[in-house]
Amino acid sequence: MEMQTMQTSPSTQIVNVGGFDIGGPQFTVIAGPCSIESYDQFLETAKGVKASGAHILRGGIWKMRTSSKAFQGLGSSSFDFIKAVCKETNMTLISEVTDARQIEEIYDMVSCFQVGSRNMHNYSLLKELGMQKKPVMLKRGFAALIEEWVKAAEYITAGGNPNVILCERGIRTFETATRNTLDINAVAFAKRNTHLPVIVDPSHAVGIRALVPDLAYAAAAVGADGIIVEVHPRPAEALSDGMQALTLNDFKVMMNKLERILTAVDKPLHKELVYAN
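Going by full-length UniProt numbering, the sequence shown opens with residue 1, and the numbers climb by one from there.
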């Protein structure tokens with residue numbers, strides 16, 4: 001999957017996640033809390049984002065944090081109620097694995113594994129995910145070159161799992177006004193020079209709630225296959241990343257405008273579930 005041998009036309013591979021084709025003619029929205037904090041919080045968020053048009057849930061079970069004193073996620077204590085929420089809302093979940101031992105623990109609970117920015121270079125984890133049958137969403141490292149990002153994806157595909165989705169989530173630059181800098185160039189480049197679907201995480205890219213919708217619109221306009229957005233019913237109470245989480249109403253307003261932009265670029269939102277995993 002070397003870049004120089006890849007096609008120079010828009011990516012064509014389709015990866016099905018929870019019944020939704022990512023990489024095809026339609027746009028996929030993944031939404032939910034940064035961290036799953038409780039049954040009530042997760043259910044309220046799931047119902048709210050689904051009502052506004054989200055297709056797949058996101059939510060952290062384990063969290064890799066810069067500070068060892070920060071909230072690290074509920075871990076296995078949340079498994080039962082996560083399954084209950086997914087069943088009640090008829091939605092599937094994308095969640096991050098931070099250790100290869102977690103893959104088996106949540107295999108039946110998720111429709112896609114997420115590899116976070118800090119683990120993009122965790123090659124033992126990538127190799128293990130390459131032996132799985134479920135899709136993998138690979139976030140770009142916060143200081144990684146595009147080539148390094150693509151080569152990390154090769155660790156997964158080389159193991160026999162072709163179902164990789166690239167996720168641009170902002171990179172670290174000299175600019176400090178925002179949390180990171182969303183590399184729109186990378187989205188366009190990856191779409192033109194790889195065969196993999198590409199989605200954007202505007203929440204981590206900017207770290208400022210008011211700016212998240214603007215970056216989501218930019219992702220749609222540049223040709224991304226979808227977005228993954230953090231949403232919390234009460235961001236001020238969030239145990240992680242509350243400053244960048246949209247409220248349920250913020251998300252609803254964003255979705256209404258996003259749909260109009262997608263219509264203009266001829267890549268409409270998914271409307272119907274193809275099948276449930």
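Glycine residues also receive a C-beta, built at the ideal position from the N, C-alpha and C atoms.
Simplified DSSP assignment, three categories, for residue i
i: ASN122; result: coil
i: ILE36; result: coil
i: ASN16; result: strand
i: LEU129; result: helix
i: LEU246; result: strand
i: ALA264; result: helix
i: LEU191; result: This sequence places Lys at residue 191; Leu is not what is there. In the structure shown, LYS191 sits in a helix (DSSP, three-state: H, G or I).
i: PRO235; result: helix
i: residue 283; result: In this structure the chain extends from 1 to 277, so residue 283 is not present and cannot be described.
i: THR8; result: Residue confidence for THR8 is low, a pLDDT of 44 falling below 50, so the modelled location carries little weight and cannot support an answer.
Residue i - partner residues in DSSP beta bridges
i: GLN114; result: GLU96 and MET137
i: ARG58; result: ILE94
i: THR28; result: GLY226
i: ILE171; result: THR181
i: LEU269; result: PHE27
i: LEU258; result: LEU258 pairs with nothing; no bridge assigned.
Enclosing alpha helix (DSSP H) for residue i [first to last residue]
i: VAL49; result: 39-51
i: VAL212; result: 212-222
i: ILE228; result: No alpha helix (DSSP H) holds ILE228; the beta strand (DSSP E) holding it covers 226-230.
i: THR157; result: 146-158
i: GLN102; result: 101-106
i: GLU88; result: 79-89
Residue i - containing beta strand (DSSP E), residue span
i: GLU168; result: 164-168
i: ASP21; result: 20-22
i: VAL200; result: 198-200
is_contact[residue i, chain C] using C-beta, thresh 8 angstroms
i: ASP201; result: Structure shown: chain C not included; a single protein chain is present.
Residue of the options minimising C-alpha distance to residue i
i: PRO241; options: TYR217, THR92, VAL212 and ILE106; result: The displayed chain sequence assigns Asp, not Pro, to residue 241. Looking at the Cα atoms, VAL212 is the closest of the given residues.
i: THR45; options: LEU258, PRO235, ILE14 and HIS270; result: PRO235
i: LEU168; options: VAL229, ALA51, GLU175 and TYR155; result: What sits at residue 168 in the sequence shown is Glu, not Leu. It is VAL229.
i: ASP183; options: ALA216, SER76, VAL164 and TYR107; result: ALA216
i: ASN136; options: TYR155, ALA190, ILE146 and LYS63; result: Reading off the sequence shown, one finds Val at residue 136, where the question assumed Asn. Nearest option by C-alpha distance: TYR155.
i: ALA177; options: PRO197, LEU196, GLY207 and SER203; result: GLY207
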